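Worksheet: one structure, shown below.
In the working numbering, the protein residues as written are 186 to 519.
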């Protein structure tokens, strides 16, 4: 099955680029509420599944032991921009477990956000691991290890006890078998597993609804999702798509991006979750896809639907402010 073109980018009156993809919208019982393209195909969720990876932080008791609130839990699920607030909070999380940035095994990089990068270049000689967009997640990993009495050294490895916990958690949520055969290495060095897009959406629908989960996992899932919705800045950063999408409908939309054109989202009040993949990995197209998909589930003409539709269909201007084209979703969403 060939995935349909879901986003077009125009220049002048002509289509300059076309982006195909697949989308699965699933409820807590696994029923498909909306789909486009091949939703049984395996995809690497990359950072879009960080809320699943964050569950051991709560379920182990570490989050409560270290006094973590919504901001810390949101950062543990984040791909942040490396803004000062993100960096300071990641350091604070580590310090509560008696660790510092030397314990992080995610590597260091400059921010991918232009304004943040300029700020960093002006104030830093070089970035540290705390500036890595995954430092919050890794701080959460280390805290989970420390609280459980597990040696945190090597926590990014496939055979490390924490990664085994994460693998079991993700397998239980998605129903997929996770192992060496469908494992790759993510940008921050931890294992990442390819799973069917529909299964990924179903896993997030379980987290959003509690359907099919035990009492403690349902409670932990709800806590993580609600923390992200309460503190969207700490999930991404200023002007970032995840943050903006959750700010459009405060407390009603959960959203998390992943590399290579993946997005996961949920509307807990409606009991549904979304997983999508832009085939060519283009972020701007994936952002349009998730905004258009979310818009389908809000009242037509309501402020949320209008704002989401505007995110899915927006104009492009050059450095002189001249309108040069548009990013728009196709009739596949009609």
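Quick reminder that beta carbons are idealized off the backbone N, C-alpha and C, glycines included. Only a predicted model underlies this, so the values are computations on that prediction, with no experimental measurement involved.
Based on Cα-Cα distance, which residue from the options lies nearest to residue i?
i	options	result
residue 398	413, 360, 426 and 492	360
residue 215	440, 460, 386 and 437	386
residue 441	203, 407 and 417	417
residue 357	370, 211, 384 and 200	384
residue 205	192, 196, 213 and 198	192
residue 228	293, 466 and 486	466
residue 208	256, 461 and 503	461
residue 196	307, 501 and 320	501
residue 371	230, 498, 226 and 315	230
residue 237	455, 504, 188 and 443	443
residue 451	464, 482, 425 and 495	482
residue 225	210, 232 and 235	210
residue 290	503, 266, 318 and 308	318
residue 406	187, 232, 189 and 244	244
residue 316	497, 302, 326 and 307	302
residue 240	321, 262, 494 and 498	262
residue 488	455, 470, 463 and 430	430
residue 516	474, 485 and 491	474
residue 376	287, 235 and 393	235
residue 189	212, 219 and 223	223
residue 446	381, 200, 233 and 295	233
residue 130	256, 321, 393 and 254	Outside the displayed span of the chain (186 to 519) sits residue 130, for which this structure offers no information.
residue 449	425, 278, 388 and 218	388
residue 313	349, 323 and 294	294
residue 436	425, 424 and 455	455
residue 329	310, 309 and 350	350
residue 409	217, 200, 199 and 254	254
residue 337	369, 478, 283 and 310	283
Following the continuous alpha helix (DSSP H) through residue i, name the residue where it begins and the one where it ends.
i	result
residue 413	400-415
residue 520	Examination of residue 520 is not possible in this model, given that the chain is present from 186 through 519 alone.
residue 485	Taken as a continuous stretch (DSSP letters only), residue 485 belongs to no alpha helix (DSSP H), as it is neither H nor E.
residue 355	346-359
residue 274	269-281
residue 259	255-261
On the CB-based measure, 16 or more other CB atoms within 10 Å of its CB, does residue i come out buried or exposed?
i	result
residue 271	buried
residue 507	exposed
residue 365	exposed
residue 242	buried
residue 298	buried
residue 453	buried
residue 391	buried
residue 305	buried
residue 378	buried
residue 362	exposed
residue 422	buried
residue 264	buried
residue 203	exposed
residue 268	buried
residue 412	buried
residue 485	exposed
residue 339	exposed
residue 251	buried
residue 509	exposed
residue 432	exposed
residue 394	buried
residue 213	buried
Between which two residues does the beta strand (DSSP E) containing residue i stretch?
i	result
residue 307	Run containing residue 307: none in the beta strand (DSSP E); it sits in the alpha helix (DSSP H), 299-308.
residue 515	Looking at the DSSP string, residue 515 is not in any beta strand (DSSP E), and its letter there is neither H nor E.
For residue i, list the residues DSSP reports as bridge partners.
i	result
residue 500	511
residue 378	368
residue 192	204 and 514
#### Entry: Every unbroken beta strand (DSSP E) inside the stretch 412-480 [3 residues or more]
You should have 439-443, 447-452 and 457-463.
### Query
Where in the stretch 195-248 do unbroken runs of the alpha helix (DSSP H), each at least 4 residues long, occur, reported from the N-terminal end onward?
235-238 and 240-244
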